[in-house]
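S.K.:
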Amino acid sequence: MKTIKLEKSTKLELLNFKSIATRTFWITSIAFFLCFFAWFGIVPFMPDVVRDLGLTPDQKWNSIILAVTGTVFARLLIGKLCDKYGPRLVYTWLLTLGAIPVILIGFSQTPLQFLICRLFIGFIGASFVITQVHTSIMFAPNVVGTANATSAGWGNLGGGANRLGMPIIAAAVVSFGIAETDAWRYSMVIAGVTCFIMGIVYFFFTKDTPNGNFKELREKGELSVSKKDQVGFLEVLKDYRVWILFVVYAACFGIELTVYGTMDDYLQNTFQLERVTAGNIVLSFALMNIFARTLGGFFGDRFGKKFGLRGRVLFLAAILAIEGIMLATFSSINILSVAIAFLVAFSLTVQMAEGATFSVVPFINKKAIGSISGIVGAGGNVGAFLAAMLLKSKSAVAEKAAIVANEGLGAEAIQAAQSAASSSAVSSGFFIIGGLIVVTSVITLAIKFSTEDETGSSEAYKEPKLVLADK
């Protein structure tokens, strides 16, 4: 059986739609955006959901945790499926099947039904892994970091864009005569149907590789058999570098997810902001994905060109350390303008760290990019789960203490004390997390590459380019 050399693109030409790499880049980025839009689509409506379904504070926290828990298992599995069946088919099935719980959450009538839907909606968060696999297959080493980071950043933008987009959809629904109390339900149904349609688009308008689909290449005898894939997966599990990157991604993307889920309440309680104002600040945080993650991949490529694969690791460690410092500093500030400045700095560095992570991933084991991407991607959700558990436990203890300390006072006074205590607990949690991120940056330096890997990377390297069209 012969193998072929993929005709990977050495440039990211954003308007060259004749290129299969460019078409795939856009379609996979849009699919990723829609998945994240739907994944976090319920967040702007949580006050309505709490009121409509009677969620307790504990159930509200559990819904946040469940939303990231489902993704952990999906990401671990989906990378291996990409290696076996190709990203095109896997993404098609993820979009079409993942649309079902998104639609069903609009029909939930009890807290249990709502929590189950949030768990299964989390599976579409695995879309990130497929996007990274697909761009890694399409683009050459000189620009793969930039391509991975840009597609991921623009897709990840959906997790914050829904703060603006979902209310707009809800307003449109109401304009057609739907009751305002039911607008959140119709909005989620629309998001789910959109994901389903995108699955059909993905099937008909993308290919697995620049040379064709996995099935066609296998029929021609030009693609490795599955036994080698299985051996590669076992090798992946034994590679310590994969698990370091697992922790690294927990320390960047995992924390970004946690911030998405908690920052609205934190800003309202700490700085007494209106819900809309706090939401706009979080939206600006998310909008930095337009360029911040791309910068991480771009600088990863640049450091790789100058210092080899070790240069990619050094940049990743440095940007992680800065990220941790920014979050820890933000947590201790009580002046709104200064806090926003450090929140912006944290947003920039956390997203750059994500891009830098996946400028390293494609070089760990080129025969198992899907498996590695899946494991590392799952690390992000494990990090989000652990961070959410930490913040939940600290908040619960602080709120109970506030109730005891203010016993006998009016309900409003107790509620205000609880909010203040919760804010202080979350602030303390952010500081601890920031310190752990800095520790992770030091651990990152343990990632090493063989002389053969370094030589191969150097020979494949050309000047990275991010252009809009052919010259």
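Just so we're aligned, residue 114 is where the sequence shown starts under my numbering, counting upward by one.
Every residue gets a Cβ at the ideal spot worked out from N, C-alpha and C, and that includes glycine.
Note that the coordinates shown come from a computational prediction; the quantities given were computed from them, not determined experimentally.
On the criterion of 16 or more Cβ atoms from any shown chain inside 10 Å, does residue 220 qualify as buried, or is it exposed?
M.R.: Looking at its Cβ environment, which holds fewer than 16 other Cβ atoms inside 10 Å, residue 220 is exposed.
S.K.: Out of 536, 482 and 505, state which residue places its alpha-carbon closest to the alpha-carbon of residue 252.
M.R.: The shortest C-alpha separation from residue 252 is found at 482.
S.K.: Have a look at residue 213 and residue 232 and give me their C-alpha separation to the nearest angstrom.
M.R.: Taking the straight line joining both Cα atoms gives about 12 Å.
S.K.: Report the partner residues of residue 252 according to the DSSP bridge assignment.
M.R.: According to DSSP, which records beta bridges pairwise, residue 252 is partnered with 122.
S.K.: Determine the direct distance from the alpha carbon of residue 173 to that of residue 435, and round the result to whole angstroms.
M.R.: In a straight line, the C-alpha of residue 435 is about 32 Å away from that of residue 173.
S.K.: Give me the DSSP bridge partner(s) of residue 322.
M.R.: Answer by DSSP bridge pairing, in chain order: 325.
S.K.: Relative to the alpha-carbon of residue 191, which residue among 181, 178, 244 and 156 has its alpha-carbon at the smallest distance?
M.R.: Closest option to residue 191, Cα to Cα, is 244.
S.K.: Please classify residue 124 as buried or exposed, where buried requires at least 16 other C-beta atoms within 10 Å of its C-beta.
M.R.: Classification of residue 124: buried, given that the 10 Å Cβ count is 16 or more.
S.K.: Applying the criterion that 16 or more other CB atoms from any shown protein chain within 10 Å of the CB defines a buried residue, is residue 284 buried or exposed?
M.R.: Counting Cβ neighbours within 10 Å, residue 284 comes out exposed, since fewer than 16 surround it.
S.K.: Taking C-beta to C-beta, are residue 273 and residue 207 nearer than 9 Å?
M.R.: No; because the gap between Cβ atoms is not below 9 Å, this pair is not in contact.
S.K.: Identify whether residue 560 lies in helix, strand or coil by the three-state DSSP scheme.
M.R.: Residue state, collapsed to three classes: coil.
S.K.: When you compare only the Cα positions, how much space is there between residue 180 and residue 320?
M.R.: The alpha-carbon atoms of residue 180 and residue 320 are separated by roughly 30 Å.
S.K.: Give the DSSP-derived three-state secondary structure of residue 484 in the structure shown.
M.R.: Helix.
S.K.: In terms of residues, what are the limits of the alpha helix (DSSP H) holding residue 421?
M.R.: Here residue 421 belongs to no alpha helix (DSSP H), and DSSP marks it neither H nor E.
S.K.: Whether or not the region 264-280 and the region 139-157 are in contact is what I'm after, with contact meaning three or more pairs of Cβ atoms, one per stretch, closer than 8 Å; do they touch?
M.R.: Because the criterion of three Cβ pairs below 8 Å is met, the region 139-157 and the region 264-280 touch.
S.K.: So what does DSSP say about residue 444, is it helix, strand or coil?
M.R.: Of the three classes helix, strand and coil, the one that applies to residue 444 here is helix, per DSSP.
S.K.: So which of 474, 403, 238 and 304 has the shortest CA-CA distance to residue 566?
M.R.: Of 474, 403, 238 and 304, the residue nearest in Cα terms is 474.
S.K.: Any C-beta of chain C sitting closer than 9 Å to the C-beta of residue 433?
M.R.: Structure shown: chain C not included; a single protein chain is present.
S.K.: For a test of the three-state rule: what should DSSP assign to residue 222, helix, strand or coil?
M.R.: Three-state DSSP puts residue 222 in coil, outside helix and strand.
S.K.: Taking only the alpha-carbon atoms, compute the straight-line gap between residue 478 and residue 564 and give it to the nearest angstrom.
M.R.: Rounded to the nearest angstrom, the two C-alpha atoms are 14 Å apart.
S.K.: Name the residue from 161, 122, 556 and 261 whose alpha carbon lies nearest to the alpha carbon of residue 403.
M.R.: For the residues 161, 122, 556 and 261, the minimum Cα distance to residue 403 belongs to 261.
S.K.: Could you pull out every residue in the same chain whose Cβ sits closer than 7 Å to the Cβ of residue 453, ignoring the five residues on either side in sequence?
M.R.: These residues qualify, in order along the chain: 394.
S.K.: Helix, strand or coil: which one does DSSP assign to residue 553?
M.R.: Note: residue 553 maps to helix in three-state DSSP.
S.K.: Is the beta carbon of residue 425 less than 9 Å from the beta carbon of residue 467?
M.R.: Not in contact: residue 425 and residue 467 (Cβ atoms no closer than 9 Å).
S.K.: Which residue spans inside the region 252-289 form an unbroken alpha helix (DSSP H) run of at least 4?
M.R.: Qualifying alpha helix (DSSP H) stretches, in chain order: 257-269 and 271-288.
S.K.: If residue 291 and residue 299 are in contact, beta carbons under 8 Å, what's the gap, nearest whole angstrom?
M.R.: Correct: roughly 6 Å between the Cβ atoms.
S.K.: Nearest by alpha-carbon distance to residue 302: which of 138, 185, 211 and 497 is it?
M.R.: Of the listed residues, the one whose Cα sits closest to residue 302 is 211.
S.K.: Thinking C-alpha only, which one of 248, 367, 196 and 202 is nearest residue 122?
M.R.: The residue with the shortest Cα to Cα distance from residue 122 is 248.
S.K.: Could you pull out every residue in the same chain whose Cβ sits closer than 8 Å to the Cβ of residue 396, ignoring the five residues on either side in sequence?
M.R.: Cβ neighbours of residue 396 beyond the five flanking positions: 273, 274, 276 and 277.
S.K.: From residue 413 to residue 358, what does the alpha carbon distance come to, in whole angstroms?
M.R.: Approximately 15 Å, taken between the alpha carbons.
S.K.: Would you say the region 376-395 touches the region 437-454, given that touching needs at least three Cβ pairs under 8 Å?
M.R.: Taking 8 Å as the limit for Cβ pairs, the verdict is that the region 437-454 does touch the region 376-395.
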